Amino acid sequence: MKLGTYELMRKKYAWFFIFVLRKIILFIVISFGHFAIAKDLEITVIYDNNPYNKELETGWGFSCLVEG
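Residues are numbered in the working numbering as their position in the sequence shown, beginning at 1, plus a constant of 10.
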């Protein structure tokens, strides 16, 4: 199916709008992202299925406590 000039321009502007919108969102995240970062973040692993001790049995899943 051959697209007409109007459809091609519309598709081109849609991609341009998406490109600009992504850049604006990236700028906002970078500019204001430091407010959301906790300074005193503490992560405690409660359960992990990666084997590190042969005397322990592994299972399925991962669990941690995030404080900050």
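All residues carry an ideal CB built from backbone N, CA and C; glycine is no exception. Owing to the predicted nature of the structure, the values given are computational and were not obtained by experimental measurement.
Run through DSSP, which three-state label would residue i get?
| i | result |
| --- | --- |
| residue 23 | helix |
| residue 57 | strand |
| residue 52 | strand |
| residue 16 | helix |
| residue 64 | coil |
What does the alpha-carbon distance come out to for the pair residue i and residue j?
| i | j | result |
| --- | --- | --- |
| residue 75 | residue 54 | 5 Å |
| residue 67 | residue 28 | 49 Å |
Spell out the partners DSSP gives residue i in its beta bridges.
| i | result |
| --- | --- |
| residue 75 | 54 |
Tell me whether the beta-carbon of residue i lies closer than 8 Å to the beta-carbon of residue j.
| i | j | result |
| --- | --- | --- |
| residue 56 | residue 73 | yes |
| residue 69 | residue 59 | yes |
| residue 17 | residue 52 | no |
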